[in-house]
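Comments concern the structure below.
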Amino acid sequence: MSEDIFKKLVAHSKEYGFVFQSSEIYDGLGAVYDYGQNGVELKNNIKKYWWDSMVMLHENVVGLDSAIFMHPTIWKASGHVDAFNDPLIDNKDSKKRYRADVLIEEALAKIEAKMEKEVEKAKKRFGDAFDETQFRATNPRVLANQEKWDALHKRFADALNDNNLEELKQIIIDNDVACPMSGTKNWTDVRQFNLMFATEMGSTADGALKVFLRPETAQGIFVNYMNVQKTGRMKLPFGIAQIGKAFRNEIVARQFIFRMREFEQMEMQFFVKPGTELDWFEKWKETRMSWHQSLGFGAENYRFHEHEKLAHYANAAVDVEYRFPFGFKEVEGIHSRTDFDLSQHQEYSGKKIQYYDPEEGKSYVPYVVETSIGVDRMFLQVMAASYCEEEMIDGKGQKDTRVVLRLPAQLAPVKMAVMPLVKKDGLPEKARAIIDELKFDFKCQYDEKDSIGKRYRRMDAIGTPFCVTVDHQTLEDNTVTLRHRDTMKQDRVEISKLYGIMAEAVSMKSLFAKLK
Ligand code: GAP
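Note that numbering that gives the first Met the number 0 has the sequence shown beginning at 0, numbered continuously upward.
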């Protein structure tokens, strides 16, 4: 899918009630979005898939819903006040601001794209006889680019690890990175910029308390560790899962809902015995990759990406990346956060935050493996993977195209549309009676406007897996036409069979069964 198709996807998301720009009638608010009637259903289904896979399928993972406002010292303890920064650089001609690290990542991606192009060309030339591994290991152009990539990657990682802002600027200059707006290489120095939003709470004689809008949900989990462990009588290893809003004053907010200022996270902190964290890290990597791949969008579209720079609290970190229309990008982060957060909160709060291990006969601060995924980014991933423009032959034998969202049925906003062939002869009443039977279990939609063909298209565009048409024969023998979204195949089925067909297709059970 190209950038061009991505633009169409953004337009489609608005046209079909998935995502709207926030405050649109006031010309919008940058990088803030609202979810429409179909978007909210898809989003809720994604959250359910994640939540149930965590807290229903794992006996030792429990949920939490902590407040967005928290004591400001939490953010001092976690390191966010001092170190939650992005390195920014401005182009002096366009006056546009960029993240220096993103500019360099894009330069790396360009080299990667050159290598991929060579491989693709050779693949076409050699056909079945093509040996990709051998080609990559021997082709001079690929090897030269690989060398270039390795050198740039190392220099970039070193600069990040040393927090060397001058070096980041120098890398941008040495690699001829130009501003996409002005086309010039007239850059300012790189500066650090804190991403937290602050506001004031209450009013006291001494003034109001400065509080932050949380930039991650994880800290709400850390500060409730003792509450959950004690009241739930939890034994290590165990996890706490949470879904909630997070806020970041992203300066470079682009690509629709990929990077937002208000977004939602699904995070799980898994508390383990020190020394076992790297084994659990590997386990959760596998579990989370399997969760992504079970949706059926093709294993080749996912990969792990090791972090260039480990956060100050981490001893291992990896991203799950998906092949978006604009390249492989992070959807989820998996981090081994050591005992950093709990130890910091223990120190700053003065309260003991430890686990008594009966086997060891001693207390210690648990280590933590975190899985952290953005709901909105996952939403974009699902939409991008599902959006299809298809050539087809319409009912009159004419060539046509249809836009279809090939959403996994379990995530689709509407599971079944029920349509009377005509708006008379008792067909609408019969259609509504079918919905009344099914609506307690499945989100159904009644539609009687326009031709059946147009109604099918509307449902394809929002990813509805099934359409049921009620006609005159239905009144005689209680059968309907069941039309399948992906194949457009139509079957005649008894109304009494609809429940079973739907239950099998849309139940999350079939997704869970595929999980490792
Ligand atoms: N607690 C760890 C943490 O917050 P992160 O890598 O900063 O780690 C985790 O964020 C996930 O949250 C990302 O993989 C991404 O899916 C999502 N995310 C982060 N910033 C975002 C933003 N500005 N807009 C949308 N999603 C975002």
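Where a beta carbon is used, it is the ideal one built from N, C-alpha and C, also for glycine.
These figures come from a predicted structure and were not determined experimentally.
Under the three-state DSSP convention, the category residue i falls into
i      : result
Phe5   : helix
Ala416 : strand
Asp440 : coil
Glu493 : strand
Glu388 : strand
Ser348 : helix
Arg457 : helix
Val367 : strand
Met507 : coil
Inter-residue spacing [alpha-carbon to alpha-carbon] between residue i and residue j
i      : j      : result
Val9   : Arg258 : 14 Å
Ile500 : Gln292 : 24 Å
Gly231 : Gly462 : 40 Å
Glu111 : Asn174 : 14 Å
Asn223 : Val31  : 29 Å
Gln489 : His483 : 6 Å
Asp92  : Ser181 : 6 Å
Lys46  : Glu475 : 42 Å
Val417 : Glu266 : 37 Å
Phe511 : Glu436 : 26 Å
Met0   : His471 : Note that Met0 scores a pLDDT of 49, beneath 50, so its modelled location is shaky and nothing firm can be said.
Glu299 : Ala502 : 29 Å
Ile434 : Asp446 : 11 Å
Ile170 : Lys328 : 22 Å
Lys442 : Val364 : 46 Å
Ala240 : Val271 : 15 Å
Val402 : Gly452 : 13 Å
Lys361 : Gln353 : 10 Å
Contact test: residue i Cβ vs ligand 2 heavy atom, cutoff 7 Å
i      : result
Arg376 : You won't find ligand 2 in this model; what it holds is ligand 1.
Residues sharing a beta bridge with residue i, DSSP
i      : result
Phe323 : Gly326
Ala315 : Ser335
Glu483 : Inspection of the sequence shows that residue 483 is occupied by His rather than by Glu. Beta-bridge pairing links His483 to Phe465.
Arg401 : Glu389
Tyr355 : Ser362
Gly373 : Gln264
Thr478 : Glu493
Tyr97  : Ile88
Tyr445 : Val417
Residue i Cβ short of 7 Å to ligand 1 heavy atom set
i      : result
Gln264 : yes
Arg253 : no
Val9   : no
Ser371 : yes
Met180 : no
Arg322 : no
Val80  : no
Arg98  : no
Arg247 : yes
Arg258 : yes
Lys215 : As written in the sequence, residue 215 is Glu, which differs from the Lys given in the question. Yes.
Val141 : no
Gly332 : yes
Glu329 : yes
Residue ranges of each beta strand (DSSP E) run of no fewer than 3 residues wholly in the stretch 237 to 306, ordered along the chain? 237 to 246, 261 to 271, 301 to 305
Which parts of the stretch 170 to 239 are runs of the alpha helix (DSSP H), unbroken and 4 residues or longer, counting only runs that do not cross its ends? Counting only unbroken stretches of 4 or more residues, the alpha helix (DSSP H) elements lying wholly within the stretch 170 to 239 are 217 to 221, 224 to 230, in sequence order.
Could you name each continuous beta strand (DSSP E) segment of 3 residues or more that falls completely within the stretch 69 to 93, going from the start of the chain to the end? 84 to 89
In chain order, which beta strand (DSSP E) runs of at least 3 residues are fully inside the stretch 1 to 67? 18 to 20, 32 to 34, 60 to 63
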